[in-house]
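**Q** In the UniProt record's numbering, the protein residues as written are 1 to 198. Virtual Cβ for every residue (Gly too), placed ideally from N, Cα, C. Structure below; questions to follow.
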Amino acid sequence: MTLSSVRPCPDDFNPCASMFPLKTRRTLLKPFTHNDLPHLSQLYSKPEVMQFLGGVKSESQTREILQDYISQGETPICPLAIFTHDGQFIGRSGLRCSCSPEVLQLYRPNGEIIPHRLNRLIQVGYVIDVPFQKQGLATEVTKTVLQWGLQQLQLPQIVALIHPDNYGSVRIARDKSGMNLEGCFLWNGLPWQFFRRS
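Spelled out as structure tokens, the structure:
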């Protein structure tokens, strides 16, 4: 399957469902459903989890976010709920493509400036709940999602946009997931880091 062939699936038949769950050694990743609202609301209410993600969300905000996740689940490029093999909710990962037409100016170390449209970038990301942090789960999930996107979906590249103070995510992208630091871009006055793997 190529990126150009990824299209929303009809409501009465969803061939995308056969692609999930994605399995890692300790987790299962699958598209969100309405049943995940309590899990997601609890996760997104924690300041330590949402520090680099725009701050905590109210239940009504989380409900809107979840609905967006569910609608994106009609394609393989979508946020995925992470569960342990015995059914405990861990967090969120998966791939996403922004709807924003905003153009990012990527500043490379050699001084070159390269424009990137947000809606042309496929991003990988993750959010892990506090009890499950510092156990290598973020690395395990990220490596699996990258491999799936590049090999199974045949995406030409996947990127990660990381807050400069999010040192843990920088280490996962750069040191543990084989992503290359391409440069940085200014977003809300901060030099966010731009990682890429192809």
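For L53, which of E64, R171 and S45 has the nearest alpha-carbon?
**A** What you label residue 53 is simply residue 53 of the sequence shown in a count that begins at 1. The alpha carbon of L53 has as its nearest neighbour, out of E64, R171 and S45, the alpha carbon of S45.
**Q** Along the chain, which unbroken stretches of the alpha helix (DSSP H) at least 4 residues long are found entirely within the region 98-182?
**A** 137-147 and 167-171
**Q** Considering only C-alpha positions, which residue in the set L104, Q152 and Q42 is nearest to V56?
**A** Position 56 of the sequence shown, counted from the first residue, corresponds to residue 56. Comparing Cα-Cα distances from V56 to each of L104, Q152 and Q42, the minimum goes to Q42.
**Q** Residues in the same chain with beta-carbon distance under 7 Å from Y107, minus the five sequence neighbours each way, listed in chain order, please.
**A** Along the sequence shown, read from residue 1 onward, the residue named residue 107 stands at position 107. Result list for Y107: I113, G183, C184 and F185, in chain order.
**Q** Tell me which residues share the same chain as L24 and place their Cβ nearer than 7 Å to its Cβ, disregarding the 5 neighbours each side in the sequence.
**A** Here residue 24 refers to the residue found at position 24 of the sequence shown. The sequence given here has Thr at residue 24, not Leu. Closer than 7 Å at Cβ, skipping near neighbours: E140, V141 and T144.
**Q** When burial is assigned at 16 or more other CB atoms within 10 Å of the CB, is Y167 buried or exposed?
**A** Here the question's residue 167 lines up with position 167 in the sequence shown. Result: exposed.
**Q** Since I82 is in the alpha helix (DSSP H), which residue starts that stretch and which ends it?
**A** Walking along the sequence shown from the start, residue 82 turns up at place 82. From DSSP, I82 is part of no alpha helix (DSSP H) but of the beta strand (DSSP E) over P79 to T84.
**Q** Count the other CB atoms within 10 Å of the CB of D36; is the residue buried (16 or more) or exposed (fewer)?
**A** Position 36 of the sequence shown, counting from 1, holds the residue named residue 36. Buried is the call here.
**Q** Among the residues of its own chain, which have a CB less than 6 Å from the CB of F132, if the five just before and after it don't count?
**A** As a working note, residue 132 is residue 132 in the sequence shown. Answer for F132: I90, listed in chain order.
**Q** So, is G87 buried or exposed, given that buried needs 16 or more other C-beta atoms within 10 angstroms?
**A** Counted from its first residue, the sequence shown places residue 87 at position 87. G87 is exposed by the Cβ-count criterion.
**Q** Is the region 158-173 touching the region 69-86, taking contact as three or more C-beta pairs under 8 Å?
**A** Judged by pairs of C-beta atoms under 8 Å, the region 158-173 does not touch the region 69-86, as fewer than three such pairs exist.
**Q** Assuming contact is defined by CB atoms lying nearer than 7 Å, are P70 and L95 in contact in what I supplied?
**A** On the sequence shown, position 70 is the one that residue 70 refers to. On the sequence shown, position 95 is the one that residue 95 refers to. A quick correction: the sequence has Ile, not Pro, at residue 70. No.
**Q** Please list, in chain order, all residues of the same chain as P47 whose beta carbon is under 6 Å from its beta carbon, the five residues on each side excluded.
**A** Counting from 1 along the sequence shown, the entry for residue 47 is found at position 47. Cβ within range, chain order: V56.
**Q** From the DSSP output, in three-state form, read off T61 for me.
**A** Here the question's residue 61 lines up with position 61 in the sequence shown. The question names Thr, yet the displayed sequence has Gln at residue 61. Reduced to three states, the DSSP call for Q61 is helix.
**Q** Could you check if Q193 is buried or exposed, using at least 16 other CB atoms within 10 Å of its CB as the buried criterion?
**A** On the sequence shown, residue 193 is found 193 positions in, with the first residue counted as 1. It counts as buried.
**Q** Which partner residues of R196 appear in the DSSP bridge assignment?
**A** Position 196 of the sequence shown, counted from the first residue, corresponds to residue 196. As DSSP reads the structure, R196 sits in a beta bridge with V159 and N180.
**Q** Are there 16 or more other CB atoms within 10 angstroms of the CB of R92, so buried, or fewer, so exposed?
**A** As a first step, residue 92 is located in the sequence shown; it is residue number 92 there, counting from the start. Buried is the call here.
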